[in-house]
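In the numbering used here, the protein residues as written are 1432 to 1639.
Where a beta carbon is used, it is the ideal one built from N, C-alpha and C, also for glycine.
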Amino acid sequence: MKLYLVDAYVRPAKAEDLPAIIELEKKFGYKIVGVDDRFFRHSFNTDVKIFPVRVISAKSEDEAKSLLRNLSKNEVVIAQAKDVGALRTFSKDRRANIIEIPPKLSPYLDRNQAELFSVGKSMIGFNASNLIDEPRLFWWLSFLTSYAERYALHIVVYSGARRFDEVIHPKVVLNMLIQTGVKKGRALMIIGMSRLEEILKKKASAQT
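This is the structure:
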């Protein structure tokens, strides 16, 4: 099975790092790469399809609502929920496409929260660069994949690469997912990210 590989988010340390990151993504077989919107204007002609990603972060329900009001439906958004109020708000709003969740919110990841993810059609996000800074967070990736599997939710793992040497080969991502207990077929679907491709198509059509 041929995969249309996606790295949903990279965040260059500086604009000059982006070409090397994208070149390695291409060599690794990625076809679509999300670039932090602060650096998207520095993008260039490449065979890799590049799209801007806006990252927002909220520590409360009110802050989350305020940030969401300023978003365009055409943006691809990663929303970082710092407390349960922000998590509830982001996950039920379709403008927040990918939700990053810290381990401290694990007690709130239950069936009710899963239903909110379904309402918002949002995905659970895991930034693999966190494993570079804190390898022990692998348990959290395992927890999130298990939670997503239990409630049939979408999950996406992205490199969050700041430099070219932080880009992750898709086989490494595949093996990471399998080590968390995800079956190979499901893991292949995750790194192929057909759900993200659907979102990109909808946002593109909304602009025309």
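Excluding sequence positions up to five before and after Arg1485, its CB lies within less than 6 Å of the CB of Asp1468, Glu1506 and Val1508, all in the same chain and listed in chain order.
Linking Gln1544 to Arg1519 through their CA atoms gives a straight-line distance of about 7 Å.
Inter-segment contact for the region 1570 to 1585 and the region 1612 to 1625 is present: three or more beta-carbon pairs are separated by less than 8 Å.
In the three-state reduction of the DSSP assignment, Glu1531 falls in the strand class, which pools E and B.
Checking the DSSP bridge columns, you'll see Ser1488 partnered with Gln1511. Around the beta carbon of Gln1511, 16 or more other beta carbons sit within 10 angstroms, so the residue counts as buried. Taken through DSSP and simplified to helix, strand or coil, Asn1606 comes out as helix.
The beta carbon of Ile1453 is closer than 6 Å to those of Thr1477 and Val1479 in its chain, skipping five residues each way along the sequence.
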